[in-house]
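S.K.: Okay, so the sequence shown: first residue is 5 according to the working numbering, each after it adds one. What follows is a single structure, and I will ask about it in a moment.
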Amino acid sequence: MKNLFKTLTLVSLLCAVASSFAAPNSAKDRDFRQQKTALKDTATADNELPAALQEILLDSKPLDNTASDQTTSDNLYFSKMQNDGNLQNPQLQTLDNEIKPYASKITLTNMGSPKGIEIYPGQKSAGISFTLPIDKVITSARLDLYVSMTEAMQGNTNHIDVKVNGQALGSLPVARTEITNYELDIPAEYLAQENSLTLEMTDEEFVCKIDYSGKQKILIDPESYLSVNGYNLELGSDLSLFPLPFFDKFNSAQTLINFVLPKNTSTDILYGPLMLASYFGTIADYRTVKFNVSSDTLPQDNSIVFAHPGQTVAGIDMPKKGGIYIKDNPYSRPYKNIFIVAKNKSDFIKAVYSLVKANLSTATDYLKIKDDKPELREAYDAPNWITSNKKVLLSSLLKNNQSLVTHGYTHGPLNLSFKAAPDLYQLYEDSGDLYVAYEFPLDKNIDENKSGLNLLLSGAFLDKLPVNKKGLLENIWRLSGGDAREDKRHVQISPSMIYGDNNLELYFDLRLKPNTPCSVISDPNVKSVIDESSYIDLSKTRHFARLPNLSYFVGASFPFTRYSDFSHTVVLLPDNPTAVELNTLMNMVARAGNSTGSMVSYEQVVIGSDLFTKEPGFFEDKDLLVISNLSHKDYLSKLFDGSAFIFNGNELNIYDYGLISFRGGFFRGLRRFLSGDFRAENLDANRYVRTSMAWRGFLSFLSPFDSDKIAVVVTATDDEELDKLTDDLSNSKVNREVRGDITLISGLNKVMSFNVGDYIFSGNVSTSFKILTFAGEHVIWLCISSFIVLILLSYIISKYLQRRSRARLLENSNRQNG
5 MKNLFKTLTL
15 VSLLCAVASS
25 FAAPNSAKDR
35 DFRQQKTALK
45 DTATADNELP
55 AALQEILLDS
65 KPLDNTASDQ
75 TTSDNLYFSK
85 MQNDGNLQNP
95 QLQTLDNEIK
105 PYASKITLTN
115 MGSPKGIEIY
125 PGQKSAGISF
135 TLPIDKVITS
145 ARLDLYVSMT
155 EAMQGNTNHI
165 DVKVNGQALG
175 SLPVARTEIT
185 NYELDIPAEY
195 LAQENSLTLE
205 MTDEEFVCKI
215 DYSGKQKILI
225 DPESYLSVNG
235 YNLELGSDLS
245 LFPLPFFDKF
255 NSAQTLINFV
265 LPKNTSTDIL
275 YGPLMLASYF
285 GTIADYRTVK
295 FNVSSDTLPQ
305 DNSIVFAHPG
315 QTVAGIDMPK
325 KGGIYIKDNP
335 YSRPYKNIFI
345 VAKNKSDFIK
355 AVYSLVKANL
365 STATDYLKIK
375 DDKPELREAY
385 DAPNWITSNK
395 KVLLSSLLKN
405 NQSLVTHGYT
415 HGPLNLSFKA
425 APDLYQLYED
435 SGDLYVAYEF
445 PLDKNIDENK
455 SGLNLLLSGA
465 FLDKLPVNKK
475 GLLENIWRLS
485 GGDAREDKRH
495 VQISPSMIYG
505 DNNLELYFDL
515 RLKPNTPCSV
525 ISDPNVKSVI
535 DESSYIDLSK
545 TRHFARLPNL
555 SYFVGASFPF
565 TRYSDFSHTV
575 VLLPDNPTAV
585 ELNTLMNMVA
595 RAGNSTGSMV
605 SYEQVVIGSD
615 LFTKEPGFFE
625 DKDLLVISNL
635 SHKDYLSKLF
645 DGSAFIFNGN
655 ELNIYDYGLI
665 SFRGGFFRGL
675 RRFLSGDFRA
685 ENLDANRYVR
695 TSMAWRGFLS
705 FLSPFDSDKI
715 AVVVTATDDE
725 ELDKLTDDLS
735 NSKVNREVRG
745 DITLISGLNK
755 VMSFNVGDYI
765 FSGNVSTSFK
775 ILTFAGEHVI
785 WLCISSFIVL
795 ILLSYIISKY
805 LQRRSRARLL
815 ENSNRQNG
């Protein structure tokens with residue numbers, strides 16, 4: 005692989021040298037421009053294109069003299085395809101033939117280490133693996149490390165040798181508790197597609213020290229980063245390379261994907277980008293993908309265009325024949341355009357499905373739309389969610405580079421990441437079961453009383469599994485020479501600890517006895533083992549939750565992902581949605597795809613509010629995902645009907661229900677009153693909303709069309725704020741603060757959440773259980789109800805006893821008279 009990258013680097017440099025000697029205006033280029041100028045004179049006012057087409061999106065430079073020039077050049081673009089549906093590489097001169105520079109910054113967080121790197125006494129080395137994009141040629145690189153140590157180590161000077169792929173970069177002195185920045189240049193030839201960064205301790209005193217207090221450690225901050233520079237490698241116009249060049253699984257940095265839509269996009273076209281955005285989410289894993297949606301403008305970058313046959317987008321006439329095409333970007337090398345051309349909603353879904361499932365073995369620049377589409381999903385069957393109806397082996401949660409075996413006495417924990425439905429609930433005494441079969445190394449230097457296997461779930465401590473069995477008889481048996489080793493344990497897991505994203509951490513905490521030789525401390529031959537029979541079992545849990553709950557939405561896009569294909573979801577957009585609103589929508593469905601591993605393919609998309617009054621039944625039995633900033637006041641007001649959200653002029657307010665209010669209906673008001681639910685947070689929420697100049701966030705409430713369904717509005721005071729929301733959700737600290745049914749994010753990630761509206765209980769439990777749950781949350785009314793029931797029972801029993809007494813008296817009287 006290293007030889008491949010060296011070859012690519014050499015080829016790139018040769019291309020750069022060759023292009024520097026090329027004439028700036030070749031004969032073909034002059035002829036091409038003369039042809040466009042001649043055709044320009046024949047253009048009519050009716051065919052004039054929008055002024056936006058005269059600029060390239062990224063640098064706002066004119067594409068050429070006139071918009072009609074662009075139309076003429078791009079008509080050549082598909083001239084061959086309109087005849088037979090096959091791309092014949094028409095001779096279209098691009099306006100920019102320069103090799104494009106590439107620059108990227110990859111933090112330790114991007115590499116998959118959000119906590120950075122920690123080195124403890126007794127630890128010889130630590131490190132992390134990272135990858136670089138396959139379609140880039142790296143010419144220079146620099147590593148910036150932010151290093152510090154704890155106060156307990158103050159006064160000591162340690163040294164770290166830094167290596168990349170085994171090649172030494174330098175030695176760093178660590179002597180300060182404050183963060184110190186070190187810059188290390190990396191020769192490009194040291195880097196490959198898959199790489200390792202290794203930090204080796206060189207001080208024997210540190211490596212041989214035994215200290216388990218946790219107070220002494222060296223810290224590499226997670227914001228430490230690798231910066232790389234180079235060139236984009238030009239790929240062929242080949243659909244078999246997809247998802248390249250749009251998404252590269254070896255690119256650890258954030259990926260921006262461009263979608264291009266026609267001007268005044270129709271609803272049926274949106275099904276294509278929505279489905280494709282969710283697909284990119286499914287393959288992103290821990291990486292972040294964002295989307296940039298352009299209207300009738302072709303970016304100077306890789307882009308995917310969605311249009312009807314014969315439609316004109318960014319001055320390019322689409323072919324008459326539907327299909328998937330790939331072609332060079334006509335304005336800039338080495339970028340590519342994919343054109344997804346389809347007639348209607350169904351064909352766009354089939355086209356995207358054909359593209360992502362093509363699995364092509366030979367190069368092609370054209371793909372027919374197959375008559376195939378995804379199967380409907382069932383509730384809670386998301387591929388990425390661990391099943392809640394049977395045991396799941398821990399070995400099935402391993403990533404490609406992970407193992408259930410750890411080597412040495414000092415090592416990092418085994419982190420098993422998994423996703424789950426966020427509405428799991430413990431019914432009565434049932435709970436989740438974590439079964440761990442394990443084995444510690446047999447070594448006389450191990451302090452078996454202090455060593456153990458630490459178990460943590462998403463940062464919460466579960467248990468420390470011992471080396472030996474506990475108890476008086478077990479200790480006597482062990483001292484007499486018997487085998488008292490503990491090798492398996494069942495640990496209960498409360499479903500309340502299970503979120504959309506979870507991390508099970510297993511750490512063999514091997515404690516060595518004092519004065520253990522240094523040769524033993526650094527011995528890599530010992531190993532600790534988690535047996536492959538270990539599992540997690542959530543089959544005794546149930547799906548039950550109080551909704552709305554925005555923490556479910558940001559964690560797993562729930563409740564929309566209950567059916568991972570969104571078959572029970574309606575996506576709502578205002579009339580003439582802005583580019584930022586469309587960007588946000590694509591980012592939201594990508595998050596859903598990332599959570600479930602399933603493409604969004606059966607949603608309903610509605611633009612505008614006409615159907616609210618014409619066909620309200622269309623929205624029954626559907627959850628609503630709404631993307632709209634607050635400037636669409638009239639549109640949002642129709643959705644807020646009966647909820648805790650109202651507009652006061654142009655300002656959003658939170659309704660104050662007071663002691664009793666029948667907003668939302670008589671029965672809702674009666675329920676609030678009888679349950680003592682007087683919405684104590686509404687006044688504070690309203691005060692915060694009214695005193696905040698700019699914010700973005702989420703509003704959630706019962707659907708105005710079906711009170712058993714939920715609506716979530718992704719909104720902001722303006723597009724500038726809305727554009728920040730996707731980055732907010734990439735911040736784990738922000739995610740942890742999102743809850744309730746309204747969350748506002750302002751400034752530098754200041755998060756405020758409240759519960760202000762009505763709610764429902766949703767899940768697959770019995771009605772009697774729902775009643776008991778409601779009663780358990782309102783103890784006062786439970787006591788009152790119990791008192792009333794007791795009085796009624798007393799009255800009934802009293803009447804029964806009185807009747808029986810009279811009957812006995814009458815019976816005795818009859819006996820005496822007889």
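For glycine and all other residues, C-beta sits at the position ideal for the given N, C-alpha and C.
Tell me whether F251 sits in a helix, a strand or coil according to DSSP, three-state version.
M.R.: Coil.
S.K.: State the DSSP-derived secondary structure class of L408, mapped to helix, strand or coil.
M.R.: The answer is coil: DSSP assigns L408 none of H, G, I, E or B.
S.K.: Going by Cα to Cα distance, which pick from L203, P323, R515 and G412 is closest to Y2?
M.R.: Limits of the chain in this structure are 5 at one end and 822 at the other, which puts residue 2 out of reach.
S.K.: What is the rounded straight-line gap between the Cα of T154 and the Cα of Y763?
M.R.: Using only the alpha carbons, I get a separation of about 47 Å.
S.K.: Whose C-alpha, out of W699, L243 and N519, is nearest the C-alpha of L752?
M.R.: The option with the nearest alpha carbon to L752 is W699.
S.K.: Does Q158 pass the burial test, meaning 16 or more other C-beta atoms within 10 Å, or should it be called exposed?
M.R.: Per the 10 Å Cβ criterion, exposed.
S.K.: Please report the residue range of the beta strand (DSSP E) in which L146 lies.
M.R.: According to the sequence provided, residue 146 is Arg. The question's Leu does not apply to it. Segment K140 to M153, the beta strand (DSSP E) holding R146.
S.K.: Residues in its own chain within less than 6 Å of K642 by CB, not counting five upstream and five downstream?
M.R.: Excluding residues within five positions, the ones whose Cβ falls inside 6 Å are S613 and F616.
S.K.: For the region 159-169 against the region 198-211, do three or more pairs of beta-carbon atoms, one drawn from each stretch, fall closer than 8 Å, so that the two count as touching?
M.R.: Yes, they touch.
S.K.: What is the C-beta distance between I714 and D627, in whole angstroms, given that I count them as a contact (C-beta under 8 Å)?
M.R.: Confirmed, Cβ separation roughly 5 Å.
S.K.: Out of P528, D535 and I450, point me to the one whose CA is closest to T2's CA.
M.R.: Residue coverage of the chain in this structure runs from 5 to 822, which leaves residue 2 outside it and unanswerable.
S.K.: Looking at C-alpha atoms only, which residue of A424, V558, S231 and Y283 is the closest neighbour of N507?
M.R.: Measuring from the Cα of N507, the nearest candidate turns out to be A424.
S.K.: Measuring only the C-alpha atoms, how far is Y335 from Q304?
M.R.: Cα-Cα distance, rounded: 7 Å.
S.K.: Looking only at its chain, what residues have a beta carbon closer than 6 Å to the beta carbon of S750, apart from the 5 residues adjacent to it on each side?
M.R.: Excluding positions up to five away in sequence, the list reads S696 and W699.
S.K.: For the region 261-280 against the region 125-145, are there 3 or more C-beta pairs whose distance is under 8 Å?
M.R.: Counting Cβ pairs under 8 Å, fewer than three are found: no touch.
S.K.: From the DSSP secondary-structure annotation, give me the bridge partner or partners of K517.
M.R.: Beta-bridge pairing links K517 to no other residue.
S.K.: Going along the chain, which unbroken runs of the alpha helix (DSSP H) with 4 or more residues stay wholly within the region 631-662?
M.R.: Listed in chain order, they are 637-643.
S.K.: Am I right that L243 and T368 are in contact with their C-beta atoms under 8 Å? What's the rounded C-beta distance?
M.R.: Indeed they touch by this definition, with Cβ atoms about 5 Å apart.
S.K.: Buried or exposed for S358, please, with buried defined as at least 16 other CB atoms from any protein chain shown within 10 angstroms of its CB.
M.R.: Answer is buried; the Cβ neighbour count reaches 16.
S.K.: Can you give me the C-alpha to C-alpha distance between V151 and P417, rounded to a whole angstrom?
M.R.: Taking the straight line from one Cα to the other gives about 21 Å.
S.K.: Under 8 Å: do the region 473-480 and the region 436-454 share three or more Cβ pairs, one atom per stretch?
M.R.: Short answer: they don't touch.
S.K.: In whole angstroms, what is the alpha-carbon distance linking P378 and Q608?
M.R.: The alpha-carbon atoms of P378 and Q608 are separated by roughly 15 Å.
S.K.: By the 10 Å Cβ neighbour count, where 16 or more other Cβ atoms means buried, how is N686 classified, buried or exposed?
M.R.: Buried, because 16 or more other Cβ atoms sit within 10 Å of the Cβ of N686.
S.K.: I'd like to know if the region 586-595 and the region 294-311 are in contact, where contact means that at least 3 CB-CB pairs between them fall below 8 Å.
M.R.: Touching, yes.
S.K.: Roughly how many whole angstroms lie between the Cα atoms of N690 and S555?
M.R.: Roughly 20 Å separates the two Cα atoms.
S.K.: Would you check if there are 3 or more beta carbon pairs closer than 8 Å linking the region 573-589 to the region 383-393?
M.R.: With the cut-off at 8 Å, the region 573-589 and the region 383-393 do not touch.
S.K.: So what does I344 bridge to, in DSSP terms?
M.R.: Answer is F310 and I328, bridged to I344.
S.K.: Provide the residue span of the beta strand (DSSP E) that contains Y539, from first to last.
M.R.: That run of the beta strand (DSSP E) goes Y539 to D541.
S.K.: Once the 5 residues before and after P708 are set aside, which same chain residues still bring their CB inside 7 Å of it?
M.R.: Only L643, D645 and G646 meet the Cβ criterion.
S.K.: Could you tell me which residues DSSP puts in a beta bridge with V530?
M.R.: Paired residue(s): none; V530 is not in a bridge.
S.K.: What residue range is occupied by the uninterrupted alpha helix (DSSP H) comprising A288?
M.R.: That run of the alpha helix (DSSP H) goes T271 to A288.
S.K.: Answer yes or no: do D569 and S532 have a C-beta to C-beta separation smaller than 8 Å?
M.R.: For D569 and S532, no; Cβs fall outside 8 Å.
S.K.: For K803, count neighbouring C-beta atoms within 10 Å of its own C-beta (all shown protein chains included) and say buried if the count is 16 or more, exposed if not.
M.R.: By the 10 Å Cβ count, K803 comes out exposed.
S.K.: Does the region 249-258 touch the region 120-128, meaning 3 or more C-beta pairs lie closer than 8 Å?
M.R.: With a cut-off of 8 Å, the region 249-258 and the region 120-128 do not count as touching, because too few Cβ pairs lie within range.
S.K.: Going by beta carbon distance, what residues of the same chain come within less than 6 Å of L112, once the five residues before and after it are set aside?
M.R.: The answer, listed in chain order, is G120, P226 and S228.
S.K.: Does the separation of the CB atoms of D727 and V584 fall below 8 Å?
M.R.: Taking 8 Å as the Cβ cut-off, D727 and V584 qualify as a contacting pair.
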